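Q: Dropping the structure in here first, questions after.
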C-alpha cells in the first residue's frame, strides 16, 4: 500500500470508529431505564463536563483564564446565551494574551 492509500484507510477507520461511538451511545441508552435518577444525572452532566474542562484550565492557564471564565459567567447571566458567553470569553483571552 502506498502512503496515500494508508492515509485513506486510516481516515476511513477513524470515521467508522467515531460513528460507532456515537451510535453506540444511543444504542446503550435505549437499554437504560429512564427513571428519576437517570434523568437527573443526564440533566446535570453537561455542567459537570464544563467544570471538568474549565477547572484545570483556570488553575494552569495564568491569570487570563480565570478572568475570561468570570467574563463568560457574567456574559452568560447578562445575555442568557451560552454562545455569546463562549465567544466573548475566547475573544477576551485572545486579547489579554496578546496585550500582556
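Numbering (the working numbering), first residue to last: 208 to 307.
Beta carbons: idealized from backbone N, C-alpha and C, even for Gly.
Every value quoted in this text rests on a predicted model; they were computed, and no experiment measured them.
Return the Cβ separation of residue 276 and residue 265 in integer angstroms, given the expectation that the two are a contact with Cβ distance under 8 angstroms.
A: With a contact defined as Cβ atoms closer than 8 angstroms, residue 276 and residue 265 qualify at about 6 angstroms.
Q: From residue 272 to residue 209, what distance separates their C-alpha atoms?
A: 45 angstroms
Q: How many angstroms separate the CA atom of residue 222 from the CA atom of residue 229?
A: 11 angstroms
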